[in-house]
Every structure is written in C-alpha cells, then in structure tokens.
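Residue numbers (this note's numbering), protein chains in the order written: chain E, 124 to 237; chain X, 65 to 178. Just so you know, even glycine gets a beta-carbon here, dropped at the ideal spot from N, CA and C. All remarks here apply to the structure that follows.
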C-alpha cells in the first residue's frame, strides 16, 4: 500500500541556517513525488515535483529535493532559511495506477527564530 | 485564471444539519478530489473523481457524499453533520496524463459543527 512518512512533526531553525525536511515513501512502482507548503489559513502551494530524470530537483523559493530510490526518500532542503519560510510542509506521492490518487504525509511544521 | 475555487470559506453548522461544499476548477482537469485536514493527521482523502462521470471513495468517506456535476464542478455533501466533521476541507484537481500531474488546491473551507 502507498504511504508517506514525515518523521519530524515540528522543526525549529534559526534564520540563515540550513534546513532539511525528511520524507520517506512506500510505493510499488516509480513514484511521482511532491513537496507542498501551506501558510496559516491558506491552501497548499507546490514547491517542487519529481517524475523522472535528474534526482536533484529545484523548486520555488530556493528549495531543492533529492530523490533517493535506494532509501525511498525525497528530502527537502534549503541552504539558508528566511523568516518567511515558517509554514507547514507536506510531502506527497502520486499513484496514477490506482485511480489517480495523491497520498500525503502528516506534515512538518517549521518555526524560524531570528 | 482562478484555478480551484471553493465556497463557502467558513461555515458553522449545528449537529444534524446538512450542507454542500462547492468546488469548481477552470483548468480543464480530469481528476478532482476532496480532502479533509485535521491537526496531526495531514490531508486525508474523502472522495475523488478520476474523470467526469466517475467517483470513488477515499480513506475517510463515511458521512459524506459527492457529485461530479460536470468536468468543472465537484461538490461534497454532508447529509447530517456531526462534531467529528469539524475540519478544514480542501478541494483539488489534477490532470495526470495531460502534462500537469500535480494537484492544484483551493483555499479551503473551514467547517465547525457544534
């Protein structure tokens, strides 16, 4: 069965520090992987996506993620965090063969301290 | 380009009342989805529609019904609201196989059942 695990419920980083948010997935075929960001009271905005090809993908707002098939991981990174990055982050896997569904992790809440 | 539009944005219901959440997308997407978001639970799929004329249950369908009115519109109905249905509801659409495979989200409906 498809599933997504985000092991970190909450992360606090200092502004300017680097960030890595972890995501592990379980999926039988080649996964379509996504990272979304949600600001308070808002909908979800796509940060980046991976379908195939280069395993290091670049996204908006200076984020990047690396697909590692051997570890079933798709971790999100940013070299230098800004206060405006404080939000909830969701990892998701797309499963087209089972009725076009998306499976989301439970999210990681990011706090940025000055 | 409005994307995915949900109405209403906020709603308070009394236990036992019924209501319909409306969702419309203007991106010509085949697939549409209804999720609920609860603290610590991430996004859980209620129902989805892979294409016009089809609907399928997701992870948490009990207490809900849906209608795919046409390609643009996908409504979610609560026949007899319960306090356990207090949540934030998101509608999303996607177009797997049409070039855009990520899910596009509406701004959400915050529902409180008292």
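Residue 106 of chain X by DSSP, collapsed to three states: which one? strand
Flag residue 173 of chain E as yes if its beta-carbon sits less than 8 Å from any beta-carbon of chain X, otherwise no. no
Find the residues of chain E that neighbour residue 154 of chain X, judging by a C-beta separation of less than 8 Å, and give them in chain order. 166, 167
Closest by CA to residue 101 of chain X, which one among X/153, X/93, X/133? X/153
Taking three-plus beta-carbon pairs below 8 Å as touching, is the segment 130 to 142 of chain X in contact with the segment 84 to 91 of chain X? yes
Just to confirm my understanding: we take residue 147 of chain X, look at its own chain, exclude 5 residues before and 5 after, and list those with CB closer than 6 Å. What are they? 177
If the criterion is Cβ atoms closer than 8 Å, does the pair residue 182 of chain E and residue 170 of chain E meet it? For the pair residue 182 of chain E and residue 170 of chain E, the CB atoms are nearer than the 8 Å cut-off.
List, in chain order, every chain X residue whose beta-carbon is nearer than 8 Å to that of residue 229 of chain E. 104, 105, 106
Kindly give me the distance between the Cβ atoms of residue 173 of chain X and residue 73 of chain X, rounded to whole angstroms, as I take these residues to be in contact under 8 Å. 6 Å
Could you list the residues in the segment 122 to 144 of chain X with a C-beta less than 8 Å from some C-beta on chain E, going in chain order? 122
How would you write the range of the beta strand (DSSP E) that residue 130 of chain X sits in, first residue to last? 128 to 132
Short check: CB of residue 156 of chain X to CB of residue 97 of chain X, under 8 Å? yes
Pick from E/227, E/228, E/216, E/211: whose alpha carbon is nearest that of residue 134 of chain E? E/211
Rounded to the nearest angstrom, what separates residue 190 of chain E and residue 157 of chain E at their Cα positions? 10 Å
Cβ pair residue 106 of chain X, residue 164 of chain E closer than 8 Å: no
Could you list which residues in chain E have their beta carbon closer than 8 Å to that of residue 171 of chain X, in chain order? Annotation: Cβ neighbours of residue 171 of chain X in chain E (cutoff 8 Å, chain order): 165, 166.
Could you name the residues of chain E that residue 95 of chain X contacts, counting a contact when the two beta carbons are closer than 8 Å? 223
Sorted by chain position, which residues of the same chain lie with C-beta nearer than 8 Å to residue 124 of chain X's C-beta, five sequence neighbours on each side aside? Cβ neighbours of residue 124 of chain X beyond the five flanking positions: 100, 108, 109, 110.
Provide the residue(s) that pair with residue 124 of chain E in DSSP beta bridges, ordered along the chain. The beta-bridge partner set that DSSP reports for residue 124 of chain E is empty.
Can the beta-carbon of residue 206 of chain E be found closer than 8 Å to that of residue 138 of chain E? Between residue 206 of chain E and residue 138 of chain E, the C-beta gap is smaller than 8 Å, which places the two residues in contact.
Report back the beta-carbon spacing between residue 197 of chain E and residue 188 of chain E to the nearest angstrom; my notes put them in contact at under 8 Å. 6 Å
Kindly say whether residue 85 of chain X, judged by its beta-carbon, lies nearer than 8 Å to any beta-carbon of chain E. no
In the segment 130 to 180 of chain E, which residue ranges form an unbroken beta strand (DSSP E) of at least 3 residues, counting only runs that do not cross its ends? 133 to 137, 142 to 144, 147 to 149, 155 to 161, 167 to 173
Does the beta-carbon of residue 208 of chain E have 16 or more other beta-carbons within 10 angstroms, so that it is buried, or is it exposed? buried
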